[in-house]
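Data block below; observations after.
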Amino acid sequence: MIAYNPKDWFGFLLRIHRGETLRALFPLLLAVGAYSAAIAYFENTLFNEETRKAAASLGIVYSTLGFMISLMLVFRTNSAYDRWWEGRKLWGSLVNCTRNLALQSDLMIGAGAGSATLRARATELLKIFPSVLMHHLRDQRVDLPGLPSTGHQPLVTASELRSVLHQAAAPLPRPEASLLLLNHNLDEWMNICGACERIKNTPIPFIYSVFIKKFVFIYVMLFPWVQSGPLGYKVVPVTMLILYVLASLELIAEEIENPFNGDANDLPLEGLCSKISDSVSQVMGA
Amino acid sequence: MIAYNPKDWFGFLLRIHRGETLRALFPLLLAVGAYSAAIAYFENTLFNEETRKAAASLGIVYSTLGFMISLMLVFRTNSAYDRWWEGRKLWGSLVNCTRNLALQSDLMIGAGAGSATLRARATELLKIFPSVLMHHLRDQRVDLPGLPSTGHQPLVTASELRSVLHQAAAPLPRPEASLLLLNHNLDEWMNICGACERIKNTPIPFIYSVFIKKFVFIYVMLFPWVQSGPLGYKVVPVTMLILYVLASLELIAEEIENPFNGDANDLPLEGLCSKISDSVSQVMGA
Amino acid sequence: MIAYNPKDWFGFLLRIHRGETLRALFPLLLAVGAYSAAIAYFENTLFNEETRKAAASLGIVYSTLGFMISLMLVFRTNSAYDRWWEGRKLWGSLVNCTRNLALQSDLMIGAGAGSATLRARATELLKIFPSVLMHHLRDQRVDLPGLPSTGHQPLVTASELRSVLHQAAAPLPRPEASLLLLNHNLDEWMNICGACERIKNTPIPFIYSVFIKKFVFIYVMLFPWVQSGPLGYKVVPVTMLILYVLASLELIAEEIENPFNGDANDLPLEGLCSKISDSVSQVMGA
Amino acid sequence: MIAYNPKDWFGFLLRIHRGETLRALFPLLLAVGAYSAAIAYFENTLFNEETRKAAASLGIVYSTLGFMISLMLVFRTNSAYDRWWEGRKLWGSLVNCTRNLALQSDLMIGAGAGSATLRARATELLKIFPSVLMHHLRDQRVDLPGLPSTGHQPLVTASELRSVLHQAAAPLPRPEASLLLLNHNLDEWMNICGACERIKNTPIPFIYSVFIKKFVFIYVMLFPWVQSGPLGYKVVPVTMLILYVLASLELIAEEIENPFNGDANDLPLEGLCSKISDSVSQVMGA
Amino acid sequence: MIAYNPKDWFGFLLRIHRGETLRALFPLLLAVGAYSAAIAYFENTLFNEETRKAAASLGIVYSTLGFMISLMLVFRTNSAYDRWWEGRKLWGSLVNCTRNLALQSDLMIGAGAGSATLRARATELLKIFPSVLMHHLRDQRVDLPGLPSTGHQPLVTASELRSVLHQAAAPLPRPEASLLLLNHNLDEWMNICGACERIKNTPIPFIYSVFIKKFVFIYVMLFPWVQSGPLGYKVVPVTMLILYVLASLELIAEEIENPFNGDANDLPLEGLCSKISDSVSQVMGA
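Chains as they are written, first to last, in the numbering used here: chain A, 119 to 404; chain B, 119 to 404; chain C, 119 to 404; chain D, 119 to 404; chain E, 119 to 404.
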């Protein structure tokens, strides 16, 4: 994630940042500018006055189509942003429930005798789980200390922690009741993992994605035909501006839709991992 | 579900994919094109200048109607997408709670003696439940091993798992407390099943569906009457474009509204079933 | 609820169904058509050219007002649809938690000795609760077997079930822990009942409902005054079309706002009741 | 709350009801009508043809501004309605959890011996809590039987009920487990109380409220300057209509934003209090 | 937070308040006014009639762009307001769960013998936690009585409270069951803390923030070029009004996006802290 100060307007306006859409769109903008200049030349040379009047009427139709395309792109942005924000919430929940697990493990494992090994193991597992999940979401594998490195790695880690806590609870007078205190947070680990996998693996429906792209394409390609009558060569910057706005919204949606990849605009997973690790160290005293 | 790379623009624009709306709408587009050409011929031959000016005024009214129809179609798309996404969330929850059930059963059944049979049975039930639910949502029936194949199959499977876990808990010192650890996830199975049935059985209210279709029909059919005055034969592609946009949105909504059927744009239930089955195998060691 | 196939377009377009808005609005449409014809005659006979130009300028203002009225009606539709869908979700939850109660009661009551009577009574109560709730939501009363028929009937039924389950739990070693397993689902019964009562008893605020109706009325009544200048007698079908769209949205909202009444577009409560009853029979073996 | 039949259109249209916005806005409407008549006189006497054409161009800009103001007012209405509806949901939850507390207390207190006094006290507290909360939300104080009347009254009542239930549970074999059955609903009382306080004490951010009001004011005040060129004296009713629509939306939002005050459009708290009291009586037999 | 009466319209309209956007934007408004006056002079002196007609056509395009920019700013406002409101909800939950913790601790600690010290310590921790969290969210540190002042201060405080409650529960017959009664509320402390950190540390994605600012800038800067043809010098106030509206929405969103800082429009955290402290005192009798 790019850390930034949202109140610094001038910095935003003057520089073109890494990961900004203007960069990605630059070649396309130039191509469409040339295309619309060609159409404008063609129309202004060959069309008569009457055709221009028809185009003015088309303007109203075009504003209705522009309205529809705006609503659809806002819907697209909304659903992409919802994923991004849900991803952030899930990692926030991971912070919370790992902290709670640490607080609860601290009291539970400290209560038994000869539990130093179990305590160290629980601490280790609590500290690596976020990092295991992060790599899992990026299709990478990590070395799990003392665990098989095959299969679903977050599941292996969670399974091991459950097993350690069961062993720690066994000598207590009522182990099930002790486990009930932290059972919900153990469940949460898997819930968070599954929800992140869902966001990662499910883009918006194919049919919808393809429809938006085709509609944007048709809209921009027809624009100089419709407007170069009344606008003349002014149609070139206008077409480019419209392309910039429409394509930016689609690009932004694609960019933030899968927030786990470590791209410029994705979530700061590394930072959250080390934050969780610090909290666990502080609580478990290790 | 069609797996695709959302950043591959050119592939999207140049090909017409299976399950895309352009395919389904092609004959209708041609018919409406012919219809609007006929209207344009009729109007341009018979109407005088004054009627055309009236039509220009109608253009403004038409843009208001176009605005209303856009808002309604966005509302329609939203509610259909919400169902699709809720369906995906439910199956994500099924992944999570089945994994948690496996982790919890692993520890609970392992703790008793002579529990090999119960453990094998629990593993089997955990692995088939997602597939049972999938077939149930497609009005298909499967062979349930050692269970009656009549009645509500997911309910039969969940009932059997509850019974197996009760038997496994019986020899433990405090069986109810042990069962409390996994009770919530057992409840979740039925909650997910019922919620999927709800999405499957409840399209948007009939009155609303019928209204949107009639409104789209009237809007498109009147369009060449209103606009062929100023636009002339240009009204033909414009009418087709408007029909394409409006009907696509309605078609997409119908397509994704029931996401369990295995159509081109539906959820990848088979993949999720085998993913859950793998996770259960990994945890239960079978 | 009307069961329908959402992909059958032609059936929708050609027939006028029971419970469709076109039916309810027919007399009003005719009256407003006559009214606008009268205004058009009046204006076209008496107004001069300059007044007509003023009307064209009003067209832009009118499109802003049309925009506002559309947004408000979409908001209205949204909030009505949210109630309808929340009602459906609540009845879906009723399916789920009654199934879970059946699964849990089955195991709990089967465990004690001499529990045949309690088991039969629990089965009976689980089966009738949805039907009791349905009649309660329609301000009807039913005969409750072996219970007083005064007071709040769903509350009486839930109270009796709680009492039966307490009696069934009493001989178990740790009755409170056993009851904890199904306590959440018992709470859910009352939560669902209260939420349905809320939807039934609370339409959108009076002030908002009255405002939307007055605004629609003023908008439609002024329309022929504003537009009959440029449109002439074409204003008659346009006014009728606008009235049809605006009034339909309001009528649909009123129709689906209270989804429990058994009208053409309401929820299929009878079907859900018998579905729940079947599930309970299957689980409890009765 | 005003009880009304949402399907009675004619009653709505012909009468001006208590608590309707038309009443509150009447003097303002007249003042603005006079103001715009003055502007119209001024412009039509002094301005030439060219300035009028400029105004026609401004009309398009004005429609963009009208669009923005509509979106903002819809956002405002949405957030106000969300509070109103959340308030209703909270009181619905209060109905539900108090009923559940009554059902659970009935079984728990009935189980001990010599518990008549505790039972009567619990019944009394369950019956008065909603009324205590209602008065608390209206900054009123009530006489609490046998309790100090200082401090936070709902908190005092909830504290007393917890204490009574602890005393009732003490003689049971496993009091903590019995208390676990109703602990969630006791927590809910405070959650509901806190959430109602939140809605009451937090209007939308000051900066936003002030911005909407200034924008509405500027928009309406400039309207006759912009439009009286083309519209002439017709600008007077149009300005009044626009003011009526915009100011109504803001007034409605202010009216329903705090739904606990007992105004004409607020929630029927008294009715809900007596409904809860009846339910408690029915369950606890008092 | 600024406390205000939302029904006091005249106060709002006549004064310019601290923390209002008009203040912050004043220099920018003047600069843009001068800029557009210069453009208007330039165009009206040099452009001919035909160019002006082209500009009129651009007006329609511009209204489509204005529509897009409005939708984006409403989306921006919505997401900022959602954070602000979620922050308020979290602090409302903090009020609720701290009250519940106080009620539960009161009964639990009072039940053991010789628990005066633990009770005093619990009271102290319950009273300072909100204030610790508030300072933590403002990157400030406080003196924690008897605790290390390094590390994550809310975590240290919560850890200490858990430890105190464990010690208080130890002499009870079934300490785990007693702890289960308040375990959920202890978890909530960390959940609330983590969610507030999330809101504080995560502005909307950089790519989106930069895009909105660039789009607003381009839109306003081009406006006088497009409109000064038909509008003449009237373009100056219109440009300023448009800048005021667009920039205000962006400024409001930035202002309320992080609601914990104690700025004029932020949440009244100090008030909530002392409210919680009062409630704890009242319940714990200290």
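Glycine residues also receive a C-beta, built at the ideal position from the N, C-alpha and C atoms. Just so you know, these numbers come straight off a predicted model, no measurement behind them.
Hey, residue i and residue j: beta-carbon distance below 9 Å or not?
| i | j | result |
| --- | --- | --- |
| residue 334 (chain E) | residue 187 (chain E) | yes |
| residue 312 (chain D) | residue 223 (chain E) | no |
| residue 361 (chain D) | residue 191 (chain D) | no |
| residue 310 (chain C) | residue 378 (chain C) | no |
| residue 276 (chain C) | residue 304 (chain C) | yes |
| residue 157 (chain A) | residue 326 (chain E) | no |
| residue 162 (chain E) | residue 193 (chain D) | no |
| residue 256 (chain C) | residue 380 (chain C) | yes |
| residue 189 (chain C) | residue 189 (chain D) | yes |
| residue 314 (chain D) | residue 183 (chain D) | no |
What in chain B is Cβ-close to residue i, meaning under 8 Å?
| i | result |
| --- | --- |
| residue 370 (chain A) | Ordered by position in chain B, no residue passes the 8 Å Cβ test against residue 370 (chain A), which lies about 12 Å from the chain. |
| residue 185 (chain C) | 182 and 185 |
| residue 202 (chain C) | 323 |
Taking residue i as the query, report the chain A residues whose CB atoms sit under 8 Å from its CB, ordered along the chain.
| i | result |
| --- | --- |
| residue 210 (chain B) | 312, 313, 315 and 316 |
Excluding sequence positions up to five away, which residues of its chain have a Cβ less than 8 Å from the Cβ of residue i?
| i | result |
| --- | --- |
| residue 271 (chain E) | 250, 253, 254, 259, 260 and 262 |
| residue 228 (chain C) | 237 |
| residue 321 (chain C) | 327, 375 and 376 |
| residue 242 (chain C) | 263 |
| residue 226 (chain C) | 283, 286, 287, 290, 296, 299 and 300 |
| residue 280 (chain D) | 304 |
| residue 401 (chain A) | 217, 220, 221 and 224 |
How close, in whole Å, do the beta carbons of residue i and residue j come, if the pair is a contact with beta carbons under 8 Å?
| i | j | result |
| --- | --- | --- |
| residue 283 (chain A) | residue 274 (chain A) | Not quite, the Cβ-Cβ distance comes to about 15 Å (not below 8 Å), so this is no contact. |
| residue 323 (chain A) | residue 202 (chain B) | 6 Å |
| residue 285 (chain C) | residue 236 (chain C) | 6 Å |
| residue 392 (chain C) | residue 220 (chain C) | Not really, about 15 Å apart at Cβ, beyond 8 Å. |
| residue 330 (chain A) | residue 368 (chain A) | 7 Å |
| residue 206 (chain E) | residue 385 (chain E) | 6 Å |
| residue 139 (chain C) | residue 399 (chain C) | No, residue 139 (chain C) and residue 399 (chain C) are not in contact; Cβ-Cβ is about 40 Å, not under 8 Å. |
| residue 185 (chain C) | residue 185 (chain B) | 6 Å |
Residues of chain E with CB under 8 Å from residue i, in chain order?
| i | result |
| --- | --- |
| residue 358 (chain D) | What residue 358 (chain D) touches in chain E: nothing, since even the nearest Cβ is about 17 Å away. |
| residue 196 (chain A) | 193 |
Near residue i, what residues of its chain come up, given a Cβ to Cβ distance below 6 Å and the 5 sequence neighbours on each side ignored?
| i | result |
| --- | --- |
| residue 394 (chain C) | 213, 216 and 248 |
| residue 154 (chain C) | 342, 353, 354 and 357 |
| residue 340 (chain A) | none |
| residue 337 (chain B) | 187 |
List, in order along the chain, the chain E residues whose C-beta lies closer than 7 Å to that of residue i?
| i | result |
| --- | --- |
| residue 373 (chain A) | 325 |
| residue 329 (chain D) | 139, 366 and 370 |
Who are the neighbours of residue i on chain C, taking C-beta pairs under 9 Å?
| i | result |
| --- | --- |
| residue 292 (chain B) | 291, 292 and 295 |
| residue 280 (chain B) | 221, 222, 224 and 225 |
Would a check of beta-carbon distances place residue i closer than 9 Å to chain H?
| i | result |
| --- | --- |
| residue 303 (chain C) | No chain H is present in this structure, whose protein chains are A, B, C, D and E. |
Less than 7 Å between C-beta atoms, sequence neighbours within five positions excluded: which residues of the same chain meet that for residue i?
| i | result |
| --- | --- |
| residue 199 (chain E) | 374 |
| residue 147 (chain E) | 358, 361 and 362 |
Whose Cβ in chain D lies nearer than 9 Å to the Cβ of residue i?
| i | result |
| --- | --- |
| residue 207 (chain E) | 313 and 316 |
Listing by chain order, which chain C residues have their CB less than 8 Å from the CB of residue i?
| i | result |
| --- | --- |
| residue 255 (chain B) | Going along chain C, no residue has its Cβ under 8 Å from residue 255 (chain B), so there is no contact; the nearest lies around 14 Å. |
Any chance the segment 337-349 of chain A sits against the segment 292-299 of chain A, with 3 or more Cβ pairs inside 8 Å?
-> Cβ pair count under 8 Å is below three, so no.
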